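Encoded as structure tokens, the structure appears first; notes follow it.
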Amino acid sequence: MTPSEQRALPPHPSFLWRNPDPRDSYDVVIVGGGGHGLATAYYLAKVHGITKVAVLERGWLAGGNMARNTTIIRSNYLWDESAAIYEKSLKLWEGLEDELGYDIFFSQRGVLNLAHTLQDERDSVRRVEANRLNGVDAEYITPEQVKEICPIINISQDIRYPVMGATYQPRAGIAKHDWVAWGYARRASELGVDLIQNCEVTGFDMDGDKVVGVRTTRGNIKAGRVALAAAGHTSTLTEMAGFRVPIQSHPLQALVSELHEMIHPTVVMSNHVHVYVSQAHKGELVMGAGVDSYNGYGQRGSFNIIEHQMSAAVELFPAFSRAHLLRTWGGIVDVTLDASPIMGLTPVDGMYVDCGWGTGGFKAVPGAGFAFAHTIANDEPHELNRPYSLERFVTGELIDEHGAAAVAH
1 MTPSEQRALP
11 PHPSFLWRNP
21 DPRDSYDVVI
31 VGGGGHGLAT
41 AYYLAKVHGI
51 TKVAVLERGW
61 LAGGNMARNT
71 TIIRSNYLWD
81 ESAAIYEKSL
91 KLWEGLEDEL
101 GYDIFFSQRG
111 VLNLAHTLQD
121 ERDSVRRVEA
131 NRLNGVDAEY
141 ITPEQVKEIC
151 PIINISQDIR
161 YPVMGATYQP
171 RAGIAKHDWV
181 AWGYARRASE
191 LGVDLIQNCE
201 VTGFDMDGDK
211 VVGVRTTRGN
221 IKAGRVALAA
231 AGHTSTLTEM
241 AGFRVPIQSH
251 PLQALVSELH
261 EMIHPTVVMS
271 NHVHVYVSQA
281 HKGELVMGAG
291 VDSYNGYGQR
301 GSFNIIEHQM
311 SAAVELFPAF
321 SRAHLLRTWG
331 GIVDVTLDAS
341 PIMGLTPVDG
351 MYVDCGWGTG
361 GFKAVPGAGF
371 AFAHTIANDE
381 PHELNRPYSL
391 ERFVTGELID
401 EHGAAAVAH
């Protein structure tokens, strides 16, 4: 991280978007005011000229998983379908500050995925070669090169899980999650999109097999089309509409330390030791691991997960042993059988779904919003999300990304 990346936040206006009351009807109603919902609304207005759009958020804008993630951005996924949509997203990230006219603190500091066993090495090399075939920047590096990129990491061969190498994606990095949401919200609002907070969906109005409206705690709204982008709560919405999606909701916990000088210049992930660590712009060490094994909607940390994450982090980074924990939190992730998302049409005419991103939702915000907006506007999937239809769970054309997402991010 360069000194310029550790900078004070600039002065911020009091209001970035309008807070209107809901109208009687919209061409498109998007349920979920997180990153995906806001990005979809923006691209609907910007790219497709559809501005009579409402984004409904039951709480405050971007207060769900968008505010409860660890901000990692990368595109080094194994399968062609995954690499395509995440690489599209990364390319959009690279121009997003100019696109939105808003500082999102996008920092391309690189991501290291460590290998600790011979099988890790084989899997890592396989993924690097697959990345290269898809035009994704990736390389496999030695422990000594890992140390050059991240001097504070422990590469001793006398520890339980010695570092045997790592994959490295230099273009990967982090961004400031709330500022990303605010940037999309500001531009969408300027283009005419209504962003409606404290508006919980309680049901849908149907005309046969077609959705024609949304029932909310702020009144009924007629809708030409309805798009669901509510992450871990998507399954409760689809049941209201009369169909089910194959996702399970799990808590995903993370934590941050107190503020420190900038000592951690990149992002380090370890599937085997099961932790990932980066350092935020203000100086907090940001740590996470895998999803909790149980199903639930909890948004708080728990001591056993904290203990596991901290012990793993200290094993890789002995310098962290004296760092003090500042706060913990949990998000609600929606996980599919193949660790890949669902995005496209549904059995209900006029209803579309964007869910199942598991732990990869934040990094996909621009690409998912771009492709989902195309799907809604044209009633036809974009080439990027065509493989992610609900039908793949019937045909068996799964996109198994468990290996590339085993430690959450």
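Be aware that the sequence shown starts at 1, since it is given in UniProt numbering, and climbs by one per residue.
Every residue, glycine too, gets a C-beta built ideally from N, C-alpha and C.
These numbers come from a predicted model, not from an experiment.
By Cβ distance, which residues of its chain are closer than 7 Å to residue i, with the 5 residues on each side in sequence left out?
{"i": "PRO347", "result": "PHE243"}
{"i": "VAL47", "result": "ALA373"}
{"i": "PHE92", "result": "The question names Phe, but residue 92 in the sequence shown is Leu. Correct list, in chain order: PRO366, GLY367 and PHE370."}
{"i": "LEU259", "result": "LYS282, GLY283 and GLU284"}
{"i": "ASP80", "result": "ASN134"}
{"i": "ALA67", "result": "HIS177 and ASP178"}
{"i": "GLY199", "result": "The identity of residue 199 in the sequence shown is Cys, whereas the question assumes Gly. Hits under 7 Å: PRO22, LEU56, GLU57, ARG58, THR216, THR217 and ARG218."}
{"i": "ILE399", "result": "TRP79, GLU81, SER82, ASP338, SER340 and PRO387"}
{"i": "ARG127", "result": "ASN76, LEU78, THR167 and ALA404"}
{"i": "residue 412", "result": "With the chain covering 1 to 409 only, the question about residue 412 has no answer from this structure."}
{"i": "GLU121", "result": "ALA115, MET164 and GLY165"}
I think residue i touches residue j, with their Cβ atoms under 8 Å apart; what is that distance to the nearest whole Å?
{"i": "ILE229", "j": "GLY34", "result": "Reading the sequence as shown, one finds Ala at residue 229 and not Ile. Indeed they touch by this definition, with Cβ atoms about 7 Å apart."}
{"i": "GLU380", "j": "SER82", "result": "21 Å between Cβ atoms; not a contact."}
{"i": "VAL333", "j": "ILE342", "result": "The pair is not a contact, with the Cβ atoms about 13 Å apart (cut-off 8 Å)."}
{"i": "ILE196", "j": "HIS264", "result": "Rounded, the Cβ-Cβ distance is 39 Å, inconsistent with contact."}
{"i": "residue 454", "j": "ALA223", "result": "With the chain covering only 1 through 409, there is no way to say anything about residue 454."}
{"i": "GLY330", "j": "ARG300", "result": "5 Å"}
{"i": "VAL211", "j": "ALA241", "result": "7 Å"}
{"i": "VAL31", "j": "LEU237", "result": "6 Å"}
{"i": "HIS344", "j": "THR375", "result": "Strictly speaking, residue 344 in this sequence is Gly, with His absent from that position. Yes, they are in contact, since the Cβ atoms of GLY344 and THR375 sit about 6 Å apart, within 8 Å."}
{"i": "ASN65", "j": "GLY361", "result": "6 Å"}
{"i": "ASN69", "j": "LEU316", "result": "Their Cβ separation, rounded to whole angstroms, is 21 Å, which puts ASN69 and LEU316 out of contact at 8 Å."}
{"i": "ILE85", "j": "ASN385", "result": "7 Å"}
{"i": "LEU392", "j": "SER189", "result": "One detail in the question is off: residue 392 reads as Arg in this sequence, not Leu. Between SER189 and ARG392 the Cβ distance is about 35 Å, and since that is not below 8 Å, they are no contact."}
{"i": "LEU38", "j": "ALA181", "result": "6 Å"}
Between the alpha carbons of residue i and residue j, how many angstroms are there, rounded?
{"i": "ILE50", "j": "ARG187", "result": "14 Å"}
{"i": "THR328", "j": "GLU307", "result": "12 Å"}
{"i": "LEU96", "j": "THR167", "result": "26 Å"}
{"i": "GLN248", "j": "GLY192", "result": "35 Å"}
{"i": "ARG171", "j": "ARG109", "result": "7 Å"}
{"i": "PRO246", "j": "THR336", "result": "6 Å"}
{"i": "GLY203", "j": "ARG215", "result": "5 Å"}
{"i": "ASP292", "j": "ASN304", "result": "10 Å"}
{"i": "TYR297", "j": "ALA185", "result": "26 Å"}
{"i": "GLU139", "j": "THR71", "result": "22 Å"}
{"i": "residue 459", "j": "LYS147", "result": "Not covered by the structure: residue 459. The range shown for the chain is 1 to 409."}
{"i": "LEU61", "j": "PRO143", "result": "43 Å"}
{"i": "MET206", "j": "VAL268", "result": "48 Å"}
{"i": "HIS36", "j": "GLN157", "result": "43 Å"}
{"i": "TYR294", "j": "SER235", "result": "16 Å"}
{"i": "ARG132", "j": "SER278", "result": "25 Å"}
{"i": "ALA377", "j": "GLY173", "result": "31 Å"}
{"i": "VAL394", "j": "MET351", "result": "20 Å"}
{"i": "SER302", "j": "LEU326", "result": "14 Å"}
{"i": "GLY213", "j": "GLU383", "result": "28 Å"}
{"i": "LEU100", "j": "VAL201", "result": "29 Å"}
{"i": "HIS233", "j": "GLN145", "result": "42 Å"}
{"i": "VAL125", "j": "SER14", "result": "49 Å"}
{"i": "HIS250", "j": "ASP123", "result": "26 Å"}
Residues in its own chain within less than 6 Å of residue i by CB, not counting five upstream and five downstream?
{"i": "GLU87", "result": "SER75 and VAL136"}
{"i": "LEU114", "result": "VAL163, ALA166 and SER270"}
{"i": "TYR161", "result": "HIS116, HIS272 and VAL273"}
{"i": "PRO20", "result": "ASP194"}
{"i": "SER89", "result": "ALA364, PRO366 and GLY367"}
{"i": "ALA280", "result": "VAL286"}
{"i": "ALA130", "result": "LEU78"}
{"i": "GLY358", "result": "VAL333, VAL335 and ALA339"}
{"i": "ALA319", "result": "ILE152"}
Considering only residues of the same chain and omitting the five flanking positions on each side of residue i, which have a CB-CB separation below 8 Å?
{"i": "TYR26", "result": "LYS52, VAL53, ALA54, ASP194, ILE221, LYS222, ALA223 and GLY224"}
{"i": "ILE149", "result": "GLY110, LEU112, ILE141, TYR168, PRO265 and THR266"}
{"i": "ASP209", "result": "PRO347, VAL348 and ASP349"}
{"i": "LEU16", "result": "TRP182, ALA185, ARG186 and SER189"}
{"i": "ILE321", "result": "Strictly speaking, residue 321 in this sequence is Ser, with Ile absent from that position. Closer than 8 Å at Cβ, skipping near neighbours: VAL314."}
{"i": "residue 443", "result": "Not covered by the structure: residue 443. The range shown for the chain is 1 to 409."}
{"i": "GLU94", "result": "PHE106, GLN108 and ARG171"}
{"i": "GLU239", "result": "none"}
Do residue i and the ligand NAD come close, with the Cβ less than 7 Å from some heavy atom?
{"i": "VAL226", "result": "The ligand NAD is not part of the structure shown, which contains no ligands of any sort."}
**OP:** Check whether the segment 279–286 touches the segment 249–261, taking contact to mean three or more Cβ pairs, one atom from each stretch, closer than 8 Å.
**Re:** In this structure the segment 279–286 touches the segment 249–261; the number of beta carbon pairs closer than 8 Å is three or more.
Original post:
Quick check: the segment 101–108 against the segment 161–177, are there 3 or more CB pairs under 8 Å?
Top reply: In short, these stretches touch, since the Cβ pair count reaches three.
Subject >> Whole runs of the alpha helix (DSSP H) within the UniProt domain "Rhodanese" (28–72), excluding any shorter than 4 residues >> reply: Runs found: 35–48.
**OP:** Identify every run of the beta strand (DSSP E) within the segment 177–229, keeping only runs that are complete inside it and at least 3 residues long; order them along the chain.
**Re:** Listed in chain order, the complete beta strand (DSSP E) runs (minimum 3 residues) inside the segment 177–229 are 194–196, 201–207, 210–216 and 219–228.
Subject >> In chain order, each beta strand (DSSP E) run of at least 3 residues that lies wholly inside the segment 342–390 >> reply: Scanning the segment 342–390 from its first residue to its last, the whole beta strand (DSSP E) runs of 3-plus residues come out as 342–345 and 351–355.
**OP:** Could you tell me whether the segment 312–324 touches the segment 267–274, where touching means 3 or more Cβ pairs closer than 8 Å?
**Re:** They touch, by the three-pair rule.
Subject >> alpha helix (DSSP H) segments (min. 4 residues) lying fully within the segment 93–118 >> reply: Whole alpha helix (DSSP H) segments, 4+ residues: 96–100.
**OP:** Go through the segment 260–306 residue by residue and report every complete run of the beta strand (DSSP E) that reaches 3 residues or more, in order.
**Re:** The segment 260–306 contains these whole beta strand (DSSP E) runs: 267–270, 275–279 and 284–288.
Subject >> Secondary structure, alpha helix (DSSP H): runs of 4+ residues fully inside the segment 127–176 >> reply: DSSP runs (the alpha helix (DSSP H)) wholly in the segment 127–176: 143–149.
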